[in-house]
Amino acid sequence: MVAVLTTISTPGSAVSFETFFLSHYPRAVAIAQRILGDRAGAEDAAQEAFARFSRRRTPDAPDASGWLYLAAAHAALNELRSRRRRAQRERTVVRLDARGRAALEGDGDPAEMLARSDVRALVGATLARLPQRDASLLALRHGGLSYRDIAESLHVPEAHVGTLLARAQRAFRKEFEHGLSD
Amino acid sequence: MAFPIDDDTFCAQLLGSDEPVDARAAYERFAAQRVTRRPWQGYAAGFALAAAVLVAALFLTPLGTYARGFLTIFEAKQFAPIDVSSLPTSHAIALNLSDFGTLRAPNMHVSAIPEWRDVDAAAGYHVLVPSYLPAHLPPSSGYRIAGATTNTFTFSARKARDAEARLGHRLPPVPRDLDGSTVSAQMGTIAERFWGAAKDEPTLAVMQMPAPIVRSNGATLAQLERYLLGMPGISPELAVQIRAIGNPASTLPVPFRADKQSVQHVNVNGAPGIAIGDETGVGAAVMWQTHGMLHVVGGALPESEVLKVADGLH
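Protein chains in written order, with this note's numbering: chain V, 21 to 202; chain L, 2 to 315.
Structure follows, in structure tokens:
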């Protein structure tokens with residue numbers, strides 16, 4: 021029987037890694053899922069982000085959560101590009117039918133639309149074509165981060181986040197619609 | 002085509018929504034898969050590192066580690082964690098034990114043991130077997146034995162003076178009573194079972210060895226302690242910790258870094274020991290002593306898992 025008698029010290033971090041992991045894992049998955057579109061891939065990307073984090077940061081670092089979330093976005097983008105390379109070799113064709121278009125016009129169920137593999141593929145192709153910072157910004161924002169958190173992650177002034185986000189959303193939309201007209 | 006919704010809604014719809022996530026299960030998975038190098042391995046990975054913690058650090062490494070591995074003329078029976086965060090690394094790099102005397106440290110002879118049934122005979126004592134193992138351990142595992150060794154160090158006032166002149170550091174002079182005195186550390190045969198990469202990054206290592214014994218043909222415990230505490234780089238805080246060791250003749254100081262590791266006193270099946278966890282929560286080691294044997298269990302695992310393995314040894 022192992023009995024813990026006394027705790028002599030705790031690590032320099034006020035927050036343990038385990039606590040940090042449990043607190044931030046869901047958000048890291050949410051961010052990665054915005055990019056990859058699937059839960060399993062997103063969880064793998066989040067795990068990779070935590071592995072990188074454990075090598076380079078401690079939970080009490082001032083930018084800990086911001087660093088982690090951006091790492092999750094980058095891990096997901098890396099995986100997305102890897103998938104895209106495979107898809108291109110397999111000559112995957114991406115087309116959105118009338119039902120998908122209706123959903124985007126607010127006339128259908130977005131969740132149902134996103135369950136379609138061709139829609140997810142087009143979203144992925146769109147994100148992969150965007151500059152990394154724009155794609156990360158979209159994932160961070162739609163993964164639930166506030167403007168302040170995004171500013172911390174990307175090391176930009178908070179006042180600039182709105183402008184950068186609007187630009188990224190516009191670019192995403194333009195790329196996506198361009199993909200539909202292909 | 003253009004959709005009649007704003008860009009924000011457009012992106013929100015296409016980028017999806019959240020699903021419930023089981024963070025606890027994810028953490029267990031993360032912990033199980035971590036095999037990268039961790040601070041715990043300074044305590045438990047491989048014979049050389051284990052020896053560094055237990056005894057041989059005193060004899061094998063530069064002055065910084067000399068201080069961290071401060072040992073006395075003793076027979077290890079209990080443990081005292083010593084926070085060495087304050088030790089500067091510059092002295093550790095610049096100074097070596099050879100600056101203060103002559104070290105004789107024969108290499109340990111390490112041999113793989115193909116079959117578990119042969120381990121007891123090779124070790125010369127009964128090697129405990131784990132009854133609990135964490136899930137997701139790597140399938141590869143093996144057994145190793147490191148032969149018994151005795152390391153000696155003979156103090157030399159002349160060498161210390163030469164080093165001082167060469168390095169330009171002011172060093173404490175070797176006391177007359179220490180000059181020519183030899184301290185020896187007797188290490189028994191170490192037996193290890195490991196899972197994962199054998200060389201230096203096993204996921205789990207279970208080690209056992211007879212408690213080390215340090216002897217001297219002249220220097221007393223008090224003299225060694227006084228000399229050590231006069232070394233450059235020994236902070237007042239570290240000196241206080243070393244002086245505070247209750248019974249230095251039987252207490253093994255175990256260095257740790259409070260800024261990166263956590264330490265707890267534990268009791269493993271009635272025997273006193275300490276558990277050291279790293280900052281990530283997925284690297285830990287526990288060491289304890291019972292019936293004249295020193296045990297170390299460590300791995301790239303949560304501390305709770307390492308303690309369970311220790312608890313289950315029989």
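We treat Cβ as the ideally placed atom computed from N, Cα and C, and that holds for glycine.
What you are looking at is a predicted structure, and each value in this text was computed from that prediction instead of being measured.
- Residue contact with chain V for residue 28 of chain L: present (Cβ-Cβ distance below 8 angstroms to some residue of chain V).
- Cβ atoms of residue 92 of chain V and residue 69 of chain V come within 8 angstroms of each other, at about 4 angstroms.
- Between residue 82 of chain L and residue 264 of chain L, the C-beta spacing is below 8 angstroms.
- Under the 8 angstroms criterion on CB atoms, residue 306 of chain L is classed as non-interfacial with respect to chain V.
- By the criterion of a C-beta distance shorter than 6 angstroms, residue 62 of chain V is surrounded in its chain by 49, 52, 53 and 56, once the five residues flanking it on both sides are discounted.
- In terms of Cα proximity to residue 268 of chain L, the closest of L:256, L:262, L:287 and L:232 is L:287.
- Taking a C-beta distance under 8 angstroms as the contact criterion, residue 131 of chain L and residue 313 of chain L qualify as a contact pair.
- Note that the C-beta distance between residue 9 of chain L and residue 259 of chain L is not below 8 angstroms.
- The C-beta distance from residue 176 of chain V to residue 184 of chain V rounds to 7 angstroms, short enough to meet the 8 angstroms contact threshold.
- For residue 102 of chain L, the closest alpha carbon among the candidates L:146, L:145 and L:158 is that of L:158.
- The beta carbon of residue 161 of chain V lies closer than 7 angstroms to those of 170 and 185 in the same chain, with the five residues before and after it left out.
- Bridge pairing for residue 196 of chain L: L:142 and L:205 [DSSP].
- Think of a sphere of 7 angstroms around the beta carbon of residue 17 of chain L: the chain V residues whose beta carbon falls inside it are 53, 54, 57 and 134, in chain order.
- Contact between residue 59 of chain V and residue 164 of chain V fails: their C-beta atoms lie close to 16 angstroms from each other, not under 8 angstroms.
- For residue 266 of chain L, the enclosing beta strand (DSSP E) stretches over residues 262-269.
- With respect to residue 44 of chain V, residue 88 of chain V sits close: the two C-beta atoms are nearer than 8 angstroms.
- In this structure, residue 154 of chain L and residue 230 of chain L do not form a Cβ contact; the two beta carbons are roughly 17 angstroms apart against a cut-off of 8 angstroms.
- The residues 253, 255 and 275, in chain order, have a CB closer than 6 angstroms to that of residue 80 of chain L in the same chain once the five nearest residues on each side in sequence are set aside.
- With respect to chain V, the C-beta atom of residue 121 of chain L has no partner C-beta closer than 8 angstroms.
- Judged by their CB atoms, residue 193 of chain L and residue 175 of chain L are not nearer to each other than the 8 angstroms cut-off.
- Among the residues of chain L, those whose CB is under 9 angstroms from the CB of residue 186 of chain V are 8 and 9, following chain order.
- Taking the beta carbon of residue 50 of chain V as reference, the chain L residues within 7 angstroms of it are 19, listed in sequence order.
- Distance from the CA atom of residue 190 of chain V to the CA atom of residue 178 of chain V, rounded to whole angstroms, is 19 angstroms.
- Under the three-state reduction of DSSP output, residue 217 of chain L falls in the strand class.
- The three-state secondary structure of residue 112 of chain L, taken from DSSP, is strand.
- Under the three-state reduction of DSSP output, residue 291 of chain L falls in the strand class.
- For residue 154 of chain V, there is no enclosing beta strand (DSSP E); the enclosing alpha helix (DSSP H) covers residues 152-162.
- Here the alpha carbons of residue 197 of chain V and residue 37 of chain V stand approximately 42 angstroms from one another.
- For residue 189 of chain V, a Cβ of chain L is located within less than 8 angstroms of the residue's own Cβ.
- Shown here, residue 119 of chain L sits in a helix according to DSSP, grouped into three states.
- Under DSSP, the beta-bridge partners assigned to residue 151 of chain L are L:187.
- Legend: CB atoms of the segment 151-169 of chain V lying less than 9 angstroms from CB atoms of chain L belong to residues 158, 159, 161, 162, 163 and 164.
- In this structure, the beta-carbon distance from residue 209 of chain L to residue 308 of chain L does not fall below 8 angstroms.
- In the DSSP assignment, residue 279 of chain L forms a beta bridge with L:262.
- The continuous beta strand (DSSP E) containing residue 84 of chain L extends over residues 79-84.
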